[in-house]
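Here the protein sequences line up with chains A and B, keeping their order. If you count the first sequence from 1, position 243 lands on 243 in UniProt numbering, and the numbers rise without skipping. If you count the second sequence from 1, position 273 lands on 273 in UniProt numbering, and the numbers rise without skipping. Backbone N, C-alpha and C fix where the C-beta goes; we use that ideal spot for every residue, glycine too. Nothing here was measured: the structure is a model prediction, and the numbers come from that model. Remarks on the structure that follows.
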Amino acid sequence: MIETRGFKILRAVGLTFLTAIVVLPLYVILVTSVKPLEDVRGVFSWLPSRITLQPYMDIWTTVPLAHYFVNSLIVVVTATIFSVVLAVLGAYALSRFPFKGARTFSMMVLSTQMFPGILFLLPLFLIFTQIQRTVGIQLNGSYLGLILTYMTFSLPFAIWMLSGFFASIPKDLEEAAMIDGTGRMGALIRVVLPVARPGIIAVSVYCFITAWGEVLFASVMTNADTRTLAIGLRAYASQTDVYWNQLMAASVVVSLPVLIGFMLVQRHLVTGLSAGAVK
Amino acid sequence: MPVEPKVKEPPERERSVDDAASARHNGKLTPSERNQRRAQAKVAGQVVQTAGAGRRDRLFPYALIAPASVMELLIHIIPMALGVYIAFLGLNQFTIGNWLQAPFVGLENFVTGLDPDGPIGSQFYAALLRTVVYTLISVGAAWALGMFAAVLLTSKVKGRGFLRTLFLTPYALPQYVGAIAWAFMFNQRDGVINRILVQDLGILDEGPFWLLGGNAFWVTVVVTVWQFWPFAFLMLLAALQNIPDDVYEAAALDGASLWKQFTTITLPMIRQANVVMLLILSLWIFNQFNIPYVLFGPASPPEATLISPLIYEQSFNYWNFGVGGAMSVLLLVALVIASAFYIKLVMPKGKALHD
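Right, here's the structure in full:
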């Protein structure tokens, strides 16, 4: 764009406005998280009467937050690893070989990505119930069950994004490696994976973020022992007294891991999302 | 860390390629030997590809997709088929425990759940229509904000690296955290929104209830736009950076106004990115469950009930699993039609996903 005077004014006004709408909720979260409890009753005050880190200490005892944290980590990390490993193989096949059924496979991947979790929630719930009845493996309320349901959204997305990444890696690389005597699998592991590493990390972080914020499956498929943060955080508000300051402090704590991860890989995420989408 | 796809891509890719290549070779072949072999291979073409190939190589791609296919079958295909089946079962809190024995009720669930004149069916169509309206408004607003921000931050403005990162935070934040914050902000008496409207700006005499009645719909829209516009921004920024500057310079020399440049250069050149981004965004927003669930709990106000939360409510609040199943089937049909269009747009010319 050519920077005329009008454009500069528009830009200043526009950026101020956008910054304001992004920052307002972030400010409310942060400022509330350092307020004493008496400040969060009554009308919202822009500044705390005094700054206290007490909410950050209390969050661990009001609600078993550490327990929920560990639950979330177990479920989300496992689902992410499984999805990405399966997706690497599938996406590599899609991006390299013109095999019969490739189109069917990719259509299946693309279309299941479009369906809402609610379509899979009830059937999976019933399948899990039945498995428990007949085989005795508990899936409803267990980590395993939740991990499987989380793969319903992370697997198709990972396949889709990774095949975009792989397609942008020149085929010559593996051909050279294969002439040097490496097998197909060796070429994938020793040549393609190292080159695609930024992409794979970006996809993993993306799956992690999505699963970390997931509410639907967690609300049905967890019990007191396996409750994840998404549902656990509600406990601050379901007391007779809503501990808004603690709720906001907990929000900060559960957001930090994903925010940091996102910032670290956002450059590759842009490339990955647009490669997955456009190529 | 600023988003800089433009400068980043070529050097980094080449470097990692070289690293991989040198790590791999370990001095087994000199570069010239390698090039020679590569050239021979190129000439030989087909021969090299098929030499030593045969059955094993033909089966290789199938071996690669096998684990993902099995998983897709388990978590998507079978559940979807079962979902259609249970729409014909009398499934409620009494029969759910032993659902294989649940009575087959034929179209009864469809009549209850999808009869436009019935009490539940009318809710279904209202929710479906409401979800379409909600999707159109939210996607439109998210696109407009994302486009605006992307255009502004493609220019060389001070602090753009910082602003790019800042603008992405709503998207990186866990969805329920964003929704919790907004639920707090929209509190009737005490929230910051009413504080701004009533006390700070004096626009209203009394703070309205935001999370009840018709306002609840607009709150859902606001929270959705807030959480998703950065995605539009992210995708459009990447697309805009591929437009060379001299195109704009030439247009400016010809006296084209900024608006004219935007409509005749920017929009056509990012058309593909726009189409794909709008489709993804529409799906995510149409299928939205997290935001209303965190804002309103397991039952949204009737004026703001969207389709996913309605099916959830019927199934898990009222234990009308069969009716929930029937609603799911209709939703599935709608989405299959939509996905046929989507696939046609994303995968043209009968090709596989990527080539």
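Check each candidate in B/F167, B/W319, B/M277 and B/S308 and name the one with the smallest Cα separation from B/G140.
-> With distances taken between CA atoms, B/G140 lies nearest to B/M277 out of B/F167, B/W319, B/M277 and B/S308.
Can you round the beta-carbon distance between B/N109 and B/F88 to whole angstroms, since I take them to be within the 8 Å contact cut?
-> So it is a contact: roughly 7 Å between Cβ atoms.
Excluding sequence positions up to five away, which residues of its chain have a Cβ less than 8 Å from the Cβ of B/V225?
-> Once the five neighbours on either side are set aside, the close Cβ partners of B/V225 are S138, A141, A142 and L145.
Look at the alpha carbon of B/N274 and the alpha carbon of B/F233, and state the distance between them as a whole number of angstroms.
-> Spanning the alpha carbons of B/N274 and B/F233 requires a straight line of approximately 11 Å.
If we ignore side chains and look at the alpha-carbon of each, how far apart do A/Q138 and B/I77 end up?
-> Between A/Q138 and B/I77, the C-alpha separation is close to 22 Å.
Using the C-alpha atoms, what's the distance from B/Y248 back to A/V70?
-> The C-alpha of A/V70 lies about 52 Å from the C-alpha of B/Y248.
What are the start and end residues of the alpha helix (DSSP H) that includes B/W259?
-> Counting along the chain, the unbroken alpha helix (DSSP H) around B/W259 starts and ends at L258 to Q261.
Between the Cα of A/T226 and the Cα atoms of A/P64, A/A237 and A/Y27, which residue gives the shortest distance?
-> Between A/T226 and the set A/P64, A/A237 and A/Y27, the nearest pair of CA atoms involves A/P64.
Backbone secondary structure at B/F231 - three-state DSSP = The three-state reading of DSSP puts B/F231 in helix, counting H, G and I together.
Can you tell me which of A/F120, A/S49, A/V85 and A/I81 puts its alpha carbon nearest to the alpha carbon of B/L73?
-> Residue A/F120 is the option with its Cα nearest to B/L73.
Would you mind telling me which residues of chain A sit closer than 7 Å to B/V172, beta carbon to beta carbon, in chain order?
-> At residue 172 of chain B the sequence reads Ala, which differs from the Val that was named. Per Cβ cutoff of 7 Å: I209, V258, L259 and F262.
For a contact meaning CB atoms closer than 8 Å, what does A/T129 contact in chain B?
-> I96, G97 and W99, listed in chain order.
Quick one: Cα of A/E38 to Cα of A/R50, how far?
-> Cα-Cα distance, rounded: 10 Å.
By the 10 Å Cβ neighbour count, where 16 or more other Cβ atoms means buried, how is A/R96 classified, buried or exposed?
-> Counting other Cβ atoms within 10 Å of its Cβ, A/R96 reaches 16 or more and is therefore classed as buried.
Using a beta-carbon distance cut-off of less than 9 Å, what residues from the segment 142 to 155 of chain B approach chain A?
-> Hits within the stretch, in order: L145, F148, A149, V151, L152, L153, T154 and S155.
DSSP-derived helix/strand/coil call for B/F104 = B/F104: strand per DSSP, three-state reduction.
Secondary structure, beta strand (DSSP E): runs of 3+ residues fully inside the segment 131 to 205 of chain B | You should have found no qualifying run.
For B/L114, name the three-state secondary structure that DSSP assigns.
-> In the three-state DSSP reduction, B/L114 falls in the helix class (H, G or I).
At a cut of 8 Å, does the segment 255 to 273 of chain B reach the segment 169 to 182 of chain B through at least three beta carbon pairs?
-> No: fewer than three Cβ pairs fall under 8 Å.
Smallest Cα separation from residue 282 of chain A: which of B/F148, B/R58, B/D117 and B/A127?
-> Not covered by the structure: residue 282 of chain A. The range shown for chain A is 1 to 279.
Do we get a CB-CB distance below 8 Å when we pair B/V157 with the residues of chain A?
-> B/V157 counts as touching chain A.
Which of the three DSSP states, helix, strand or coil, is assigned to B/L91?
-> Under the three-state reduction of DSSP, B/L91 is assigned to coil, being neither helix nor strand.
Look at the alpha carbon of residue 420 of chain B and the alpha carbon of A/L122, and state the distance between them as a whole number of angstroms.
-> Only positions 1 to 355 of chain B appear in the structure, and residue 420 of chain B is not among them; the question remains open.
Would you verify that the beta carbon of A/L15 is, or is not, closer than 8 Å to some beta carbon of chain B?
-> Judged by the 8 Å Cβ criterion, A/L15 is in contact with chain B.
In terms of residues, what are the limits of the alpha helix (DSSP H) holding A/F69?
-> L65 to R96 is the extent of the alpha helix (DSSP H) around A/F69.
In angstroms, rounded to a whole number, what distance separates the CA positions of B/L295 and A/P98?
-> Near 47 Å, if we compare the C-alpha coordinates of A/P98 and B/L295.
For B/A326 and B/G113, believed in contact at Cβ under 8 Å, the rounded distance = About 4 Å; that satisfies the 8 Å criterion.
Are the beta-carbon atoms belonging to A/I127 and A/L216 less than 8 Å from one another?
-> Going by C-beta atoms, A/I127 is not nearer than 8 Å to A/L216.
Please determine, among A/V254, A/I260 and A/A202, the residue with the shortest C-alpha to C-alpha distance to A/T80.
-> Ranking A/V254, A/I260 and A/A202 by Cα distance to A/T80 puts A/A202 first.
Any idea if A/P198 is buried or exposed, counting beta-carbon neighbours within 10 angstroms, 16 or more meaning buried?
-> Residue environment: A/P198 is assigned as buried (16 or more neighbouring CB atoms within 10 Å of its CB, all protein chains considered).
Residue-chain proximity (A/P55, chain B), Cβ-Cβ < 8 Å | Taking 8 Å as the threshold, the shortest C-beta distance from A/P55 to chain B does not fall below it.
B/V133 versus B/N92 - alpha carbon distance = Cα to Cα, B/V133 sits roughly 31 Å from B/N92.
Pull up the distance between the alpha-carbon of B/F60 and that of A/L188, whole angstroms please.
-> Answer to the nearest angstrom: the Cα atoms are 12 Å apart.
Could you confirm whether any beta carbon from chain A is found closer than 8 Å to the beta carbon of B/N287?
-> Yes, because at least one Cβ of chain A sits closer than 8 Å to the Cβ of B/N287.
In chain order, what residues of the same chain lie with their CB nearer than 6 Å to the CB of B/P230, ignoring the 5 residues before and after it?
-> Only F167, L168, P170 and Y171 meet the Cβ criterion.
In this structure, does DSSP put B/N317 in helix, strand or coil?
-> In this structure, B/N317 counts as helix in the three-state DSSP scheme.
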